[in-house]
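A.B. asks:
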Amino acid sequence: MQKDGIVKVILAHILAAASFGIISAGVMHYRHWKSKSTLKENNLAPYLDRTESGRVRKIETFSQYVARQLGFKDESECPEVMKLAYEYLKKSKGFDDKMYEYLAKEANAEELYVKLAEEFERCILGYFAFHWSQAPLIMTQILSVNSDQKKLKDLVMAATRKQRFEKISQDLKVTRMFSTLVEEMKAIGTTSNEELNQSEVMVPVAHSERSPVLLLMGGGMGAGKSTVLKDIMKESFWSGAAANAVVVEADAFKETDVIYRALSSRGHHHDMLQTAELVHQSSTDAASSLLVTALNEGRDVIMDGTLSWIPFVEQTICMARNVHKHRYRMGDGYQVAEDGTVTENYWVQIEGEEGKEAKIRKPYKIELVGVFCDAYLAAVRGIRRAIQMGRAVRVKSQLKSHKRFASAFPRYCELVDKARLYCTNASGGPPVVNFSFRVHSFLSFFRFSLVTTVIQHLILF
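Going letter by letter, the sequence shown gives residues 1 to 461 in full-length UniProt numbering.
1. Anyone know if the C-beta pair for Ser63 and Tyr86 falls short of 8 angstroms?
2. Among the residues of its own chain, which have a CB less than 6 angstroms from the CB of Phe128, if the five just before and after it don't count?
3. For Gln398, I'd like the list of residues in its chain whose CB is within less than 7 angstroms of its CB, leaving aside the five on either flank, ordered along the chain.
4. Using 8 angstroms as the Cβ pair cut-off and three pairs as the minimum, do the segment 240 to 257 and the segment 283 to 303 touch?
5. Enumerate, from N- to C-terminal direction, the unbroken beta strand (DSSP E) stretches of 3 or more residues contained entirely within the segment 209 to 240.
6. Which value, in whole angstroms, describes the spacing of the CA atoms of Arg385 and Glu351?
7. Going by DSSP in three states, Arg411 sits in which element: helix, strand or coil?
8. Using CA atoms only, rank isn't needed, just tell me which of Lys58, Ala67, Thr51 and Tyr422 is closest to Asn43.
9. Straight-line CA distance for Arg394 to Leu273?
10. Considering just the uninterrupted stretch of the alpha helix (DSSP H) at Asn296, what are its terminal residues?
11. Rank Cys423, Arg299 and Tyr412 by C-alpha distance to the C-alpha of Val323 and give the top, closest one.
12. If you count every other CB in all the chains shown that lies within 10 Å of the CB of Lys105, and 16 or more means buried, which is it?
13. For Ser211, I'd like the list of residues in its chain whose CB is within less than 8 angstroms of its CB, leaving aside the five on either flank, ordered along the chain.
14. Taking the straight line between their C-alpha atoms, what separation do you get for Val336 and Val342?
15. Measure the alpha-carbon distance for Lys98 versus Lys83 and round it to whole angstroms.
16. Is Cys123 helix, strand or coil when you go by DSSP?
17. Please report how far the alpha carbon of Tyr102 lies from the alpha carbon of Lys91, in whole angstroms.
18. So what does DSSP say about Leu377, is it helix, strand or coil?
19. How many angstroms separate the CA atom of Thr293 from the CA atom of Leu48?
20. Can you list, in chain order, the stretches of the alpha helix (DSSP H) that have 4 or more residues and sit fully within the segment 28 to 109?
21. For Glu367, which of helix, strand or coil comes out of DSSP?
22. For the alpha helix (DSSP H) that Gln315 lies in, which residues bound it at each end?
23. Going by DSSP in three states, Phe130 sits in which element: helix, strand or coil?
24. Buried or exposed for Met177, please, with buried defined as at least 16 other CB atoms from any protein chain shown within 10 angstroms of its CB.
25. DSSP state of Ala262, grouped into three classes?
26. Give me, in chain order, the residues of the same chain whose beta-carbon lies closer than 6 angstroms to that of Ser288; leave out the 5 immediate sequence neighbours on both sides.
27. Please go through the same chain and pick out, in chain order, the residues whose beta-carbon is closer than 7 angstroms to the beta-carbon of Glu80, but skip the five residues on each side of it.
28. Give a yes or no on whether the C-beta atoms belonging to Ile168 and Leu263 are separated by under 8 angstroms.
29. Report the rounded CA-to-CA distance for Leu295 versus Met139, giving the unit in angstroms.
30. Locate the alpha helix (DSSP H) running through Asp251, then write down its first and last residues.
31. Just curious, the beta strand (DSSP E) that Ile302 is in, first and last residue?
32. Taking only heavy atoms of the ligand MN into account, decide whether any of them is closer than 7 angstroms to the Cβ of Cys318.
33. Could you check what DSSP says for Gly331 in three-state terms: helix, strand or coil?
34. Quick check on Pro212 - is its C-beta less than 8 angstroms from some C-beta in chain D?
35. Can you name, in chain order, every residue of its own chain whose Cβ lies under 8 angstroms from the Cβ of Ser179, other than the five neighbours on each side?
36. Applying the 10 Å Cβ sphere with the 16-neighbour rule, what's the burial state of Val114?
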């Protein structure tokens with residue numbers, strides 16, 4: 001059969017291109033120091049079609065790129081494989097079943113499946129590792145596959161974006177306020193202090209007999225914090241304490257924001273970045289409100305964020321150190337006066353509410369978990385997440401978050417009781433502990449410092 005022949009050809013190409021991932025990794029680390037002409041001649045980078053003025057008109061499609069990396073002259077030589085590549089990239093429902101079905105008649109179907117999936121991963125890594133300034137165009141091309149959207153419609157949607165956003169925001173203003181309040185109540189739970197004191201699920205001792213824990217999960221966007229957190233939740237303490245812990249994550253509020261959901265449900269992928277930015281401040285405020293409430297109640301708290309803004313983190317740690325003696329509320333945050341003076345006051349102590357209960361509370365134990373990866377991996381993960389989940393961030397903002405956290409991490413280590421550093425470079429593998437503040441020297445931290453230097457160069461791109 002013709003299909004059988006194509007499968008064998010694909011396998012041959014995959015085996016021949018086995019070194020692609022290794023080569024691309026090296027290229028990605030140094031691509032920003034190469035001249036534009038050198039990058040243009042690099043076969044690992046997607047081709048750009050430019051106008052006479054130098055403006056990018058379009059970029060090589062993902063299917064064309066995959067076909068070229070597999071050794072085919074044109075994507076028309078293997079249309080079914082290209083379709084599978086798109087399904088794999090988008091993680092469409094049942095994509096794995098479709099891949100198995102395509103290879104089912106082959107004697108070594110399982111081996112072929114693994115090899116094909118690995119090659120798709122390499123191609124995805126290579127496709128998204130270049131031309132970050134064209135990330136919106138790349139995502140638009142991928143999300144527009146099999147779409148009948150017209151260029152004129154895209155222009156109209158872009159031109160009317162501000163009016164559409166304002167109308168939806170105004171219509172859902174009250175609904176959003178109540179919805180956010182409900183989400184905060186869900187996150188904080190209804191567990192009373194008495195129930196917490198009587199609970200036996202806390203490990204190694206009951207909640208009333210130990211200090212509550214504030215776990216700060218920090219790292220740039222796309223660093224892999226969620227992956228590391230899953231690993232930490234398997235540890236003896238958190239496997240028991242997690243049930244009553246409060247998880248504070250701004251992205252969780254963003255995804256449940258009624259305005260965000262209303263805009264996202266319309267399927268206008270050109271609005272992804274602006275939609276996320278529209279609800280950024282409100283989701284951040286909701287997370288801050290949840291955080292101060294949980295700390296006032298003495299709950300175990302897991303705060304998941306970039307921790308890239310030093311004043312906010314320092315003031316948060318200061319609040320956690322004193323919240324067993326005083327209650328707090330949200331402050332005015334970042335404010336710029338008319339004369340340009342900047343004041344940052346994120347938390348305010350509530351006077352006269354110490355009370356008897358506050359005097360017998362134990363102080364918080366503060367732990368820090370830093371997560372990092374190579375910058376290009378974070379950018380690739382961010383673009384893939386935008387395609388799969390519709391939640392986008394700007395690549396430059398990603399790199400800035402990595403740079404700022406890397407610069408601030410040594411300072412944070414001095415403020416907390418315990419610190420750990422995880423590397424998530426391994427694809428599909430468990431996170432690697434590179435550094436523990438209370439265990440050994442800073443030798444392994446040297447690598448993290450090098451990553452900071454690399455990111456400082458990349459941020460200029």
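Yeah, the Cβ is synthetic: ideal placement off N, Cα and C, and Gly gets one too.
Please read these numbers as outputs of a predicted model, since none were measured by experiment.
C.D. replies: Concretely, from the data shown:
1. Contact flag set, yes.
2. Closer than 6 angstroms at Cβ, skipping near neighbours: Val380 and Ile383.
3. Take Gln398, set aside five residues on each side of it, and the residues of its chain with a beta-carbon closer than 7 angstroms to its own are Gly220, Met221, Gly222, Ala378, Ala379 and Gly382, in chain order.
4. Counting Cβ pairs under 8 angstroms, three or more are found: they touch.
5. As summarised for the segment 209 to 240, the continuous beta strand (DSSP E) elements at least 3 residues long and confined to that stretch are 213 to 218, given in chain order.
6. Looking at the two C-alpha atoms, the distance is approximately 44 angstroms.
7. Three-state result, Arg411: helix.
8. Comparing Cα positions, the closest option is Ala67.
9. Each residue's Cα considered, the two are about 7 angstroms apart.
10. Element bounds for Asn296: His280 to Asn296.
11. Each of Cys423, Arg299 and Tyr412 was checked against the Cα of Val323, and the nearest Cα belongs to Arg299.
12. Exposed, because fewer than 16 other Cβ atoms sit within 10 Å of the Cβ of Lys105.
13. Counting only Cβ-Cβ distances below 8 angstroms, and skipping sequence neighbours, we find Lys362, Pro363, Tyr364 and Lys365.
14. Going by C-alpha positions, Val336 is about 5 angstroms away from Val342.
15. So the two alpha carbons sit approximately 10 angstroms from each other.
16. The answer is helix: DSSP assigns Cys123 an H, G or I state.
17. Pairing Tyr102 with Lys91, the inter-Cα distance amounts to about 16 angstroms.
18. Shown here, Leu377 sits in a helix according to DSSP, grouped into three states.
19. The C-alpha of Leu48 is placed about 51 angstroms away from the C-alpha of Thr293.
20. Listed in chain order, the alpha helix (DSSP H) runs fully inside the segment 28 to 109 are 36 to 41, 62 to 69, 79 to 90 and 95 to 103, counting runs of at least 4 residues.
21. Residue state, collapsed to three classes: strand.
22. Unbroken alpha helix (DSSP H) run through Gln315: Ile310 to Asn322.
23. The answer is coil: DSSP assigns Phe130 none of H, G, I, E or B.
24. For Met177, the number of other beta carbons within 10 angstroms of its own is below 16, and it is reported as exposed.
25. Shown here, Ala262 sits in a helix according to DSSP, grouped into three states.
26. Correct list, in chain order: Met330.
27. Tyr102, listed in sequence order.
28. In this structure, Leu263 lies closer than 8 angstroms to Ile168 by Cβ.
29. For Leu295 and Met139, the distance between alpha carbons rounds to 40 angstroms.
30. Segment Ala250 to Thr256, the alpha helix (DSSP H) holding Asp251.
31. Val301 to Asp304 is the span of the beta strand (DSSP E), which, as asked, contains Ile302.
32. Among the components of this structure there are no ligands whatsoever, and the ligand MN is therefore not found.
33. Assigned with DSSP and collapsed to three states, Gly331 falls in strand.
34. Here there is only one protein chain, and chain D is not present.
35. Once the five neighbours on either side are set aside, the close Cβ partners of Ser179 are Thr256, Asp257 and Val258.
36. That one is exposed.
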